[in-house]
Amino acid sequence: MNSTYIARCAQLAMLLEVSATPKPGNVDRDHDFDDTKYEHFLASAISAGPIFERVAIAKKDVGYSIRELVEESARWQSGGNTHFGAFLLLAPLVMAAGNDDVKSVTSVVQDTSVEDAVELYKAFQRIDVRVGSVKELSIDDPNSVNEIKRRELTLYDLMKISSKYDAISHEWIGGFLRTFRGASVLEGKLGKMSVNDAIIFTYLKLLSERPDTLVQSKFGTEKAMQVSEKASRLIKNWDLDAIRDFDEELILERVNPGSTADIVIGSLFVALLGGVKP
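Mapping of the sequence shown onto the working numbering: position 184 corresponds to residue 191, and the numbering continues sequentially without gaps.
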């Protein structure tokens, strides 16, 4: 598959996700955060294009690719972390697509190296990323990289460790099941509703099925479950005004189901790669 086409699918996925509104709790066309705004996400998505092209040609070095994406994003916008989680998903998906089968992504992540793990830690140092407090191999511990090398832990090994509490890591270990499921949900809604609304539905559907781990890390399990339960009610009784009210509520509380939004980007990429057009 053409590397330019793959890269454009990845960029368009990022642009469509952040532009869909109302997407409860997220930055979108109608809502900015204090320091991170809609245009920061646009700049980040555009900056990633040339790197996605290189990743689509590459056969290895997922960790380095993630670091490149993070660094390039930071060069082009001043809003901080816009797409770290999305890059963690898209880098292996783009690489797999470049190998002519996006579903081979499991092989891509399983073949990662110790150096890939080290590169991910370097990426964390380039930008402020919200992660839960952990006892083992914390990104805040300067000795973690030495410990990774000593124990010969690959990037896939690190994702195994964090998959218990992080949705993106869980995708890596679980075969990107929610990413592919989201693509199916999205494709099933297109033609029945607008692209914008299909993206919102997909986001709420995924959120209803599993509490968002970013919300969980900031506000606790109970709050994350409440958000998921509300999402479940909204998709059963589709009402954009009610969804807007929920959006306003989460924005006011600073509750951002960002991990779910990242997975939606992956889902959009898979759908676009398969021929879906906005």
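All C-beta atoms in this analysis are idealised placements derived from N, C-alpha and C, irrespective of residue type, glycine included.
Taking three-plus beta-carbon pairs below 8 Å as touching, is the stretch 247 to 265 in contact with the stretch 16 to 32? yes
Among the residues of its own chain, which have a CB less than 7 Å from the CB of T186, if the five just before and after it don't count? L96, E178, I270, G273, S274, V277
Thinking C-beta only, is A52 closer than 9 Å to M8? no
What whole-angstrom Cβ distance do G86 and I13 have, given they're in contact under 8 Å? With 8 Å as the limit, G86 and I13 do not qualify as a contact, their Cβ atoms being about 26 Å apart.
From T220, D219, E126, F183, pick the residue whose C-alpha is nearest to that of V77; which is it? E126
Beta-carbon contacts of I180 that lie in its chain and below 7 Å, excluding the five residues immediately before and after: M166, K167, S170
Let me know the secondary structure DSSP gives H90 once reduced to three states. coil
Please go through the same chain and pick out, in chain order, the residues whose beta-carbon is closer than 7 Å to the beta-carbon of V283, but skip the five residues on each side of it. E194, L197
Bridge partner(s) assigned by DSSP for D35: H38
G189 to E216, Cα distance in whole Å? 11 Å
Give the secondary structure of L96 by DSSP, where H, G and I count as helix, E and B as strand, and everything else as coil. helix
Per DSSP, the bridge partner or partners of L197: M200
Taking one C-beta from the stretch 117 to 124 and one from the stretch 60 to 76 each time, how about it: are there three or more such pairs within less than 8 Å? yes
In the DSSP assignment, the alpha helix (DSSP H) including P286 goes from what residue to what residue? Since the first residue of the chain shown is 8 and the last is 285, residue 286 is not available in this structure.
Exposure label - K212; buried when at least 16 CB within 10 Å: buried
Where Q223 falls, given that 16 or more other Cβ within 10 Å makes a residue buried: buried
S235: buried (16+ other C-beta within 10 angstroms of its C-beta) or exposed? buried
Over the uninterrupted alpha helix (DSSP H) stretch that includes A268, give me the two end residues. 265 to 280
Which of helix, strand or coil DSSP assigns to Y71: helix
Mapping the DSSP letters down to three states, classify V283 as helix, strand or coil. coil
Quick one: using the 10 Å Cβ neighbour count with 16 as the cut-off for buried, is Q132 buried or exposed? exposed
Do A55 and E79 have their C-beta atoms within less than 9 Å of each other? yes
Taking Cβ to Cβ, would you say D108 is nearer than 9 Å to Y163? no
N-terminal and C-terminal residue of the alpha helix (DSSP H) that D248 is part of: 247 to 260
Straight-line gap, L220 to E229 (C-alpha atoms, nearest Å): Going by the sequence as given, residue 220 is Thr instead of Leu. If you take the alpha carbons of T220 and E229, they lie about 12 Å apart.
Residue from R74, R15, E24 whose Cα sits closest to the Cα of P57: R15
How far does the alpha helix (DSSP H) with N153 in it extend, from its first residue to its last? 151 to 158
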